[in-house]
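Down below is the structure, laid out as structure tokens.
Residue numbers (the numbering used here): 6 to 287.
If you want it as structure tokens, here you go:
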């Protein structure tokens, strides 16, 4: 049951699973639309996006293992399969499946795994800023971050914000002082005081994940959304996921970066998702 209230009408609660105790958030009534956070993020980053859908849907999100105050009895290493099993158990306990799932980055990998391993729980899969397998620059960058964290490295808070902002937002945000002021809290909330061990645990799960050989057998409608200015998961990687998926569809949003759904241009992302939901309903 909800254990807290927020000024915008969002309520929070806690659900205990076999090895994980989640904090989760919800708002609205109707069919369930579950938002799954990226690595290093907590479920509250989606509150602004909730507002675009709560007239027709019950929006939910949660803090995955390794982020926020979620407690996990299983120590790292973790796999995306473990995170997807957590999410499946959450859906079965809190939601009314089949549900619509939308998520970014690590959350998008969880969505891919949900659609392949728990198709009965998923009505529409919407992975954003995603990839089937980390190769080339994407793998080198992520592996270097992981090794730095695993060796005890930790960026000073002010440097961490600037470092990850460049990977998160396009030049439109970084070159506009007012936009940067609005978007900065999303970066600082994820990275300013990030526990290096938990960062490494989540990111290693992402780096080692490979959905490429299994996607062709996935028949859940999978609508991949990519962003033209995304440095972390360039659009060509998202397009490949859509092409591999047995029921895949690709959507490209121009001018957006990896984090642009937070503070920058959430309406563009919400509009695309609304069109996807309407097209599948039709």
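Each residue gets a CB set at the ideal place from its N, CA and C atoms; glycine is no exception.
- Considering only residues of the stretch 233–265, which uninterrupted beta strand (DSSP E) runs meet the minimum length of 3 residues and lie entirely inside it, listed in chain order? 253–258
- With a threshold of 16 other CB atoms inside 10 Å of the CB of residue 140, please say whether the residue is buried or exposed. For the purposes of this step, residue 140 is identified with residue 135 of the chain shown, where counting begins at 1. It counts as exposed.
- Beta-carbon proximity list for residue 57, same chain, < 6 angstroms, skipping 5 on both sides: Along the chain shown, read from residue 1 onward, the residue named residue 57 stands at position 52. Taken in chain order, the residues that qualify are 275.
- Query: What separation, rounded to the nearest whole angstrom, lies between the Cα atoms of residue 37 and residue 244?
  - Reply: Sequence index remark: in the chain shown, residue 37 carries index 32 (1-based). Sequence index remark: in the chain shown, residue 244 carries index 239 (1-based). Distance between the alpha carbons of residue 37 and residue 244 is about 26 angstroms.
- Task: Please state if the CB of residue 210 and the CB of residue 288 are separated by a distance shorter than 8 angstroms.
- Result: Missing from the structure shown is residue 288; the chain here goes from 6 to 287 and no further.
- Message: Please list the terminal residues of the continuous alpha helix (DSSP H) segment that includes residue 196.
- Response: What you label residue 196 is simply residue 191 of the chain shown in a count that begins at 1. Run containing residue 196: 182–196, per the alpha helix (DSSP H) assignment.
- Item | Cross-strand partners of residue 109 (DSSP beta bridge) | In the chain shown, the residue the question calls residue 109 occupies position 104. Per DSSP, the beta-bridge partners of residue 109 are 133.
- Taking the DSSP output, what are the residues bridged to residue 54? As a first step, residue 54 must be located in the chain shown, where it is residue number 49. Its beta-bridge partners do not exist; DSSP assigns none.
- Message: The beta strand (DSSP E) that contains residue 32, what's its start and end?
- Response: Walking along the chain shown from the start, residue 32 turns up at place 27. Unbroken beta strand (DSSP E) run through residue 32: 25–32.
- Message: Just to confirm the assignment: which complete alpha helix (DSSP H) runs, minimum length 4, are found wholly within the stretch 61–118?
- Response: Runs of the alpha helix (DSSP H) inside the stretch 61–118: 85–99.
- Message: When you compare the CB positions of residue 99 and residue 65, do they come within less than 8 angstroms of one another, or not?
- Response: Mapped onto the chain shown, residue 99 falls at position 94. Mapped onto the chain shown, residue 65 falls at position 60. Result yes, Cβ atoms of residue 99 and residue 65 sit closer than 8 angstroms.
- Query: When DSSP labels each residue in this structure, what does residue 49 get in the three-state scheme?
  - Reply: Counting from 1 along the chain shown, the entry for residue 49 is found at position 44. Secondary structure of residue 49 (DSSP, three-state): helix.
- Residues in its own chain within less than 8 angstroms of residue 272 by CB, not counting five upstream and five downstream? Residue mapping note: residue 272 aligns to position 267 of the chain shown, counting from 1. The answer, listed in chain order, is 57.
- Task: Let me know if residue 118 comes out buried or exposed under the rule of 16 or more other beta-carbons within 10 Å of its beta-carbon.
- Result: Here residue 118 corresponds to residue number 113 of the chain shown, with the count starting at 1. Buried, by the Cβ-count rule.
- Nearest-angstrom beta carbon gap, residue 265 and residue 174 [assumed within contact, 8 angstroms]: Within the chain shown, numbered from 1, the residue matching residue 174 stands at position 169. Within the chain shown, numbered from 1, the residue matching residue 265 stands at position 260. Between residue 265 and residue 174 the Cβ distance is about 7 angstroms, and since that is below 8 angstroms, they are a contact.
- Query: Can you name, in chain order, every residue of its own chain whose Cβ lies under 8 angstroms from the Cβ of residue 190, other than the five neighbours on each side?
  - Reply: Here residue 190 refers to the residue found at position 185 of the chain shown. Around residue 190, the same chain offers 268 as residues with beta carbons nearer than 8 angstroms, after the five sequence neighbours per side are excluded.
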